[in-house]
Amino acid sequence: GQGVEQPDNLMSVEGTFARVNCTYSTSGFNGLSWYQQREGHAPVFLSYVVLDGLKDSGHFSTFLSRSNGYSYLLLTELQIKDSASYLCAVRVPNYNVLYFGSGTKLTVEP
Amino acid sequence: DPKIIQKPKYLVAVTGSEKILICEQYLGHNAMYWYRQSAKKPLEFMFSYSYQKLMDNQTASSRFQPQSSKKNHLDLQITALKPDDSATYFCASSQAGQGGQNTLYFGAGTRLSVL
């Protein structure tokens, strides 16, 4: 099967940063996406990476290491409203399918 | 205004009954999907359609049947409902083709409870 793993919970403090980790083990790799999901709401697309390295998009940055099957989403200058679940999703070749991790619930405290 | 409309928002059904979940998108996309999310489980892919044709199906049970009557519609019929079918069902869409599939736009979901 396709394995996409994320820690269940993460806590951080307003004004600092948080790094949400994702590891994957899939039959091929055709890109990795990050989504934000608030309680009771739909996932919202944040970022997509397919090449190794850091992609800086301001408040959200993403890192990918394909050789290690690893990605992280970095949130900087955290605000209380960043509290949400962050989902990692991997696409494998030849299928129109995204395999999602179970999500990391980020809690930002004052 | 929501660009992907799912109806109903909440649905309660009895075991053994049949329901249809409605999805319409107004983003001009040619690819549509159904995903399911149960408590404490990852979002689970069910079906993908491109230009109204079934592309991928990872739903083991034939009780789940997608229906695409129009380019921007992808409904989901569920027959012989079971309590284990209780979940939030999300419809999503994207541009068809390699690049577009990496960015999914989700509807607000239909929360189904089977008693």
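Quick note, the sequences are listed as chains A and B, same order. Take the first sequence: its position 101, counting from 1, is numbered 101 in my numbering, and each next residue is one higher. Take the second sequence: its position 54, counting from 1, is numbered 54 in my numbering, and each next residue is one higher. Yeah, the Cβ is synthetic: ideal placement off N, Cα and C, and Gly gets one too.
Going by beta carbons, A/Leu10 and A/Leu106 fall inside the 7 Å limit. By the Cβ-count criterion, B/Tyr10 is exposed, with fewer than 16 other Cβ atoms from all chains shown falling within 10 Å of its own Cβ.
Interface residue (Cβ-Cβ distance to chain B less than 7 Å): A/Phe100 is classified as such.
Here DSSP, grouped into helix, strand and coil, assigns B/Pro83 to helix. Between B/Gln6 and B/Thr110, the C-beta gap is smaller than 7 Å, which places the two residues in contact. Annotation for A/Asp82: Leu75, Val108 place their beta carbon closer than 6 Å to its own, counting only its chain and skipping 5 residues before and after. Bounds of the beta strand (DSSP E) holding A/Phe63 are 60-65.
A residue is called buried once 16 or more other Cβ atoms fall within 10 Å of its Cβ, and B/Tyr26, having fewer, is exposed. C-alpha of A/Asn96 to C-alpha of A/Gly53: approximately 25 Å in a straight line. Contact of A/Ala42 with chain B by beta-carbon distance below 7 Å involves Phe90, Phe106, Gly107, Ala108, Gly109. With respect to chain A, the C-beta atom of B/Gln101 has a partner C-beta closer than 7 Å.
For B/Lys9, there is no enclosing beta strand (DSSP E), since its DSSP letter is neither H nor E. Under DSSP, B/Thr88 shares a beta bridge with B/Gln37, B/Arg111.
Using a C-beta cut-off of 8 Å, the stretch 70-89 of chain B makes no contact with the stretch 9-23 of chain A, since fewer than three inter-stretch Cβ pairs fall below that distance. In the DSSP secondary-structure assignment, B/Leu104 is not bridged to any residue. Secondary structure of A/Asp82 (DSSP, three-state): helix.
If you compare the alpha carbons of A/Ser102, A/Gln79, A/Leu51, A/Val49 with that of A/Pro110, the shortest gap goes to A/Gln79. Against chain B, a Cβ distance below 7 Å from A/Val97 picks out Phe45, Ser48, Asp56, Gln58. The beta-carbon distance between B/Gln101 and B/Ala39, rounded to whole angstroms, is 27 Å. This is too long to meet the 8 Å contact definition. Boundaries of the beta strand (DSSP E) harbouring A/Tyr24: 18-25, taken from the DSSP string. Excluding the 5 residues flanking it on each side, A/Val49 has same chain C-beta neighbours closer than 6 Å at Leu32, Lys55, Thr62, Leu64, in chain order. Under the DSSP assignment, B/Gly16 falls outside any beta strand (DSSP E); it carries neither an H nor an E label.
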